[in-house]
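K.L.:
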Amino acid sequence: MELRAYIVRRLLLLIPVLVGVILIIFALLQFFSPVQRAALYVRSPQQFRNLDQIIEKYHLNEPVYVQFFYWISEVLKGNLGWSKSVNMPVSDALLRFLPATLELLIFTVPLTIFIGIKLGITSAIHRDKPVDHVTRGLAIAGYSLPAFWLGLMLLMIFYGFFTGLFPPGRLGLDAEMVVSSASFQNYTYIHTIDGILNLRLDVVLDALRHLVLPVTTLTIINLAFIMRIMRSSMLETLNKDYIMMARAKGLDEKTVINKHARRNALIPAVTVSGYLVASLMAGAVLTETVFNYKGLGWWSVNAAVQLDVPAVLGFVLFIGTVIVITNLIVDLLYAKIDPRIRLG
Amino acid sequence: MNIREKTGIATSAVIVIVIVIVAVIAGAVLMLGQPTPTTTTTPTTTSPTTTSPTTTTQPVKNPDTLIYATIGEQETLDPAWAYDTASSEVIMSVYETLISFDGTHTDKFVPKLATEVPTVANGGISADGLTYRFKIRSGVKFHNGDDLTPEDVEYSFERAMVQNRDGGPVWMLLEPLIGIEAAYEPLTFEQIDKAVEVEGDYVVFHLAQPYPPFLAILAQSWSSIVDKEWCIEQGDWPGTAETWENYRNPETPPLQEVMNGTGPFKLDRWEHGVQTVLTRNDQYWGGPAKLKNVVIQVVPEWTTRKLMFLAGDADIVDVPRPNIKELEGVEGIRVTKDLPTLAVDAMFFTMNIDPNSEWIGSGQLDGNGIPPDFFADKNVRLAFAYSFDYEAFLRDVYQGEAIQPASPVIEGLSYQNPAQEKYHLDLAKAEQYFKAAFGGQVWEKGFKMTILYNTGNEPRRIAAEILKKNIESLNPKFSIEVAARDWGTYLKEMVASKLTLYIIGWLADYPDPHNFVQPFMHSAGAFSAWQGYSNPTVDDLIMQGISEIDPAKRQQIYYQLQQIYHDDVPSVPIDQALGRHYERDWVHGWIYNPIWPGEPALCDPYLMWKG
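So the sequences go chain by chain: A and B. Everything in the first sequence is counted per our numbering, starting at 534 for the first residue and increasing by one. Everything in the second sequence is counted per our numbering, starting at 4 for the first residue and increasing by one.
Set out below in structure tokens:
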């Protein structure tokens, strides 16, 4: 009961968080004049005369609170507005681009966390030995390389040089035809999962082939985060008295590491993992662009560049919710990992 | 920090540095192999040339499917709403019009959903040019199986005029059929109803005035024929007078997401931001297309597009102008160059600048500004025209792949006078005209003004810098500042006549000189109105040109207008870009018509195949 109350309380916190974020966005929008915003609807000289009509139509010259009122009254009716950057309702756009991001996340997060924690522990155990240097060097180098550069290099090698090995996009043409055919049921629009559910190994393999490079890029870039946190946390734990005590008692090193040190060292890594999930949900803009893997990141940045206000607001609502929920899950995980931590 | 820790950090740092260096070298090696840019020369002719160095050894990928990788996607699928080239490209593959352009010609037509192209000779066009009769083809079916009827044709045009969205393309129907110049002028349903009538198997258009480009307007996406019954099922206008106003200027177009045409391809799906897939209409009345699918993929990143093209996963790609040399001489790639486009950029002089403009300095001819009527003096306009280095501009901005037009009646349009004189860089003449301007005061007192360009628009910045450099070299009292503002501000200032001069482009709506001389020269035209340019003779000639149906007389009128344009110099055209088309050499059947939408990319996929 106590846990349920805690969860409800945390979820209620969503409302002020979202309202606050939306107000900030509305405030930021005031830096753009109505003309600047209206001009984005105008494509050719034939349409230049329509600037004033556009300003009026979209209430761009109204005070900020009036614009906010128009927007919030529509949201309360379930209408998040029209995303002009992708020419569809915002709610549809969220649903359309979410599966691609989720698919990236499903593979990247476990891989990054698993490798990051493993390398962090290895590095800590072999502190200042060649294994430690190489591990840290590789991780920091991966973190230092710009995502678009690393992505392009991987694409040039594994798609350009080894022609067609790991192509960009989400699916190849043949798999696309299968997925869009009437006989294929798209349950989640996550192709690997739908492929399994439809028993279409060809779709699964093709989707995996397209996932290799973006997942590799994201893993390399995010690995250092977890690895470094895990290493320092592990080093700190290994210096604790109870570890010394465990060793003094004659426990073998494997038991000391796995049973006593690792679990206690995990808490900071879990926090970073929560951050990783939330940031990947917001989308990996550069990776998605380079690999033509259109997800929420690509959509949100494209919308922001085009001052597609309803899309930006819809995205902010979504990502605010994700961050609050992710933080909640992380807090719940703390209690699970370390029973001494009490939620309240 | 102890020594051990310091040594550890140093070792790690060495590893990081080594990795980064290796990565950079690898990147550099991978980047090598791209051809270095070669010296360019400005073409004097615009005959397209095709190069295909060596045939590919790669097997044809996806032989039934044409994949076009491009940078953006359509705004809508509704023909009455669409006014962007990407939308038109999709619409013209799925819907059909009564007539279409004949292959590469912009002034010849072939019948599509009409059985013949009406002419005065065959009685399809009345002698006074006010009535056009089209016999509608029988046996044609929409993709949903409905039969095409003359009522569908009537509905299609009336629906477009009812919808008539702000800033949309429907003004092109309203002008000839109703006689109103702007889409927002008052309009009654009676006017719409009377304009298009069904007479048996015929559809008859009643024009408000003779309008020679009318056939060209009917051959484009906004004149697509839709299925009345199906449209009503989609919640569109039911075809009745009572409710027509409810369907005017809607928030979103009724046919935004759906298509049901009679064309050779059907819409399979539109995955917003990702791709649009068209599949063959096997029941097409003209016989099925050779291609089974056409896929238009949105791939904004150039390197990704290029790699897809080289790997054969894209058959046609858009290539950004700065990268045009990268695919030259590459095995398996066919490049067609020097394709004339019906687009022109020009430098417009504002003759009655708003006195409150912040770009005219003191607002007086005192050496610290310019008076609002600075450009009203023709000597100033001529001096500016002779101060621009047209060749350098075409070389620097277009890598030589553009031509300098003499007037808004650009190459590719009927009645263009090939012998029309152009302006060229001549600083001696520029000096002479500056000395004559304002009775010699301009030369004596000097001037100071600002030329604005929209942030990020390099061609406009370069043009402004060329003017600045050349004009300031003439007299130390001449000062020009070049400033950048965002696109919205640039637009607003231009429309409010606050810019001293502005550079902007015009893309043809239909291939007729009227579509160019009207905005460039008529006192109510888009550009000339903002400039404050007015010449009653010009206005009269423009109205004569659009209502004259005798081609010989039209030629005379437009030749005269071109000469007046040169003499009056209300603006100076600076470029007409030449396009390029890149395709894998296994693609066949591509033809180029300058009026077809978009970059020279798809044109007509019905004619294309792979093999």
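Glycine included, C-beta positions come from ideal geometry on N, C-alpha and C.
DSSP puts Asn457/B in a beta bridge; with which residues?
P.N.:
Asn457/B is bridged to Arg488/B.
K.L.:
Could you tell me whether any Cβ in chain B is nearer than 9 Å to the Cβ of Val863/A?
P.N.:
no
K.L.:
Could you tell me which uninterrupted beta strand (DSSP E) segments, each at least 3 residues in length, are contained entirely in the region 143 to 215 of chain B, listed from first to last along the chain?
P.N.:
199 to 202 and 205 to 209
K.L.:
Is the distance from the Cβ of Asn263/B to the Cβ of Trp240/B below 9 Å?
P.N.:
no
K.L.:
Taking Phe681/A and Leu819/A to be in contact with their CB atoms under 8 Å, please state how far apart those CB atoms are, rounded to whole angstroms.
P.N.:
4 Å
K.L.:
Is DSSP giving Asp871/A helix, strand or coil here?
P.N.:
coil
K.L.:
If you count every other CB in all the chains shown that lies within 10 Å of the CB of Met611/B, and 16 or more means buried, which is it?
P.N.:
buried
K.L.:
On the DSSP letters alone, give me the boundaries of the alpha helix (DSSP H) that Tyr393/B sits inside.
P.N.:
Tyr393 to Tyr401
K.L.:
Taking three-plus beta-carbon pairs below 8 Å as touching, is the region 197 to 207 of chain B in contact with the region 128 to 147 of chain B?
P.N.:
Counting C-beta pairs closer than 8 Å gives three or more between the region 197 to 207 of chain B and the region 128 to 147 of chain B, which meets the contact rule.
K.L.:
Does the distance from the CB of Gly697/A to the CB of Ala314/B come in under 9 Å?
P.N.:
yes
K.L.:
Entirely within the region 328 to 357 of chain B and at least 3 residues each: give me those beta strand (DSSP E) ranges in chain order.
P.N.:
With a minimum length of 3 residues, the continuous beta strand (DSSP E) runs that stay inside the region 328 to 357 of chain B are 336 to 343 and 346 to 352.
K.L.:
Could you give the distance in angstroms between the alpha-carbon of Val842/A and the alpha-carbon of Thr306/B?
P.N.:
Spanning the two alpha carbons is a distance of roughly 29 Å.
K.L.:
Considering Tyr585/B, what are the terminal residues of the beta strand (DSSP E) in which it resides?
P.N.:
Ser574 to Arg587
K.L.:
Tell me, please, whether the CB atom of Pro597/B is closer than 9 Å to any CB atom in chain A?
P.N.:
No, Pro597/B does not count as interfacial toward chain A.
K.L.:
Any Cβ of chain B within less than 9 Å of the Cβ of Ala571/A?
P.N.:
yes
K.L.:
Would you call the CB atoms of Gly548/B and Pro514/B closer than 9 Å?
P.N.:
Against a cut-off of 9 Å, the Cβ pair of Pro514/B and Gly548/B comes out as no contact.
K.L.:
Identify, in the order they occur along the chain, each residue of the same chain with its Cβ nearer than 6 Å to the Cβ of Phe630/A, setting aside the five sequence neighbours on each side.
P.N.:
Gly828, Leu829 and Trp832
K.L.:
If you compare alpha carbons, which of Glu496/B, Ser537/B and Cys606/B is closest to His108/B?
P.N.:
Cys606/B
K.L.:
Is Ile406/B close to chain A, meaning its C-beta is less than 9 Å from at least one C-beta of that chain?
P.N.:
Output row for Ile406/B: interface = no.
K.L.:
Scan the region 73 to 146 of chain B and note each continuous beta strand (DSSP E) run of 3 residues or more that stays entirely inside, going in chain order.
P.N.:
102 to 104, 112 to 114 and 134 to 138
K.L.:
Work out the CA separation of Ala572/A and Leu504/B for me, nearest whole Å.
P.N.:
20 Å
K.L.:
Closer than 9 Å, CB to CB, is Ser766/A near chain B or not?
P.N.:
no
K.L.:
For Asp81/B, collect the residues of the same chain with a Cβ closer than 7 Å to its Cβ; drop the 5 residues on either side in sequence, then sort them by chain order.
P.N.:
Pro256, Pro257, Leu258 and Gln259
K.L.:
Cα separation between Asn296/B and Glu274/B?
P.N.:
If I take the Cα positions, the gap works out to 15 Å.
K.L.:
What residue from Met164/B, Phe217/B and Ile220/B has the CA that sits closest to Asp196/B's CA?
P.N.:
Met164/B
K.L.:
Is the CB-CB distance between Ala467/B and Val485/B below 9 Å?
P.N.:
yes
K.L.:
Taking 9 Å as the threshold (beta carbon to beta carbon), is Ser716/A in contact with chain B?
P.N.:
no
K.L.:
Enumerated in chain order, which unbroken segments of the beta strand (DSSP E) with a length of 3 residues or greater are wholly contained in the region 282 to 307 of chain B?
P.N.:
Contiguous beta strand (DSSP E) elements confined to the region 282 to 307 of chain B occur at 296 to 301, taking only those with 3 or more residues.
K.L.:
Between the alpha carbons of Phe450/B and Ala433/B, how many angstroms are there, rounded?
P.N.:
15 Å
K.L.:
What did DSSP end up calling Trp273/B once you bin it into helix, strand or coil?
P.N.:
strand
K.L.:
In chain A, which residues lie with their C-beta within 9 Å of the C-beta of Asp542/B?
P.N.:
Chain A residues near Asp542/B: none, gap ~19 Å exceeds 9 Å.
K.L.:
If you measure between the beta carbons of Phe104/B and Ala292/B, is that distance less than 9 Å?
P.N.:
no
K.L.:
Can you name the start and end residues of the alpha helix (DSSP H) that Thr265/B belongs to?
P.N.:
Unbroken run through Thr265/B: none, as it is neither H nor E.
K.L.:
Is the separation between the beta-carbon of Gly491/B and that of Phe565/A shorter than 9 Å?
P.N.:
yes
K.L.:
Would you please state the rounded distance, in angstroms, between the beta carbons of Leu751/A and Val803/A? I believe it to be under 8 Å.
P.N.:
That pair is no contact at about 19 Å.
K.L.:
Run down chain A in chain order and give the residues with a C-beta less than 7 Å from the C-beta of Lys381/B.
P.N.:
In chain order: nothing, as chain A lies at least about 24 Å away.
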